[in-house]
Amino acid sequence: INCIKNNCRRGSICAVSAVASYKCICPLGWTGTYCNTEMSTDTFRFVGTSYIKYKDQRFNSRNLKYTQVSFSFRTSSRDGLIL
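Numbering of the sequence shown is given in the numbering used here, commencing with residue 201 and proceeding in unit increments.
Put into structure tokens, the structure is as follows:
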């Protein structure tokens, strides 16, 4: 159970998983078991332990005093609940 012979694609990171032998952690814009499915980066969906990591490639470091990030959340159904 390790990442020696993994099928992770697109520069994804292989992580050892208790459920399966490994799990691919996909880069932005890719999804799927092996990160082989392109996805829109306009809308994100979260499931379980999903997260977003923001890194602006134009800057090596950032002055947090002036950095602003905003998010807008909505459900995909009328009676949805966001926790």
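Using N, Cα and C, we set each Cβ at its ideal position, and we do this for glycine too. Bear in mind the structure is a predicted one, so any value in this text is a computation, not a measurement.
Given Thr-237, which residues of its chain have a CB within under 8 Å of its CB, disregarding the five upstream and five downstream residues?
Leaving aside the five residues that flank Thr-237 on each side, the residues in its chain whose CB is nearer than 8 Å to its CB run, in chain order, Trp-230 and Thr-231.
Could you tell me which residues DSSP pairs with Cys-208 in its beta bridges?
According to DSSP, which records beta bridges pairwise, Cys-208 is partnered with nothing at all.
Which residues in the same chain as Tyr-254 place their Cβ atom closer than 8 Å to its Cβ, once the five residues preceding and following it in sequence are excluded?
Val-269
Evaluate Ser-276 with the Cβ neighbour count: other Cβ atoms within 10 Å of its Cβ, from every protein chain shown; 16 or more gives buried, anything less gives exposed.
exposed
In angstroms, rounded to a whole number, what distance separates the CA positions of Phe-246 and Lys-205?
Cα to Cα, Phe-246 sits roughly 28 Å from Lys-205.
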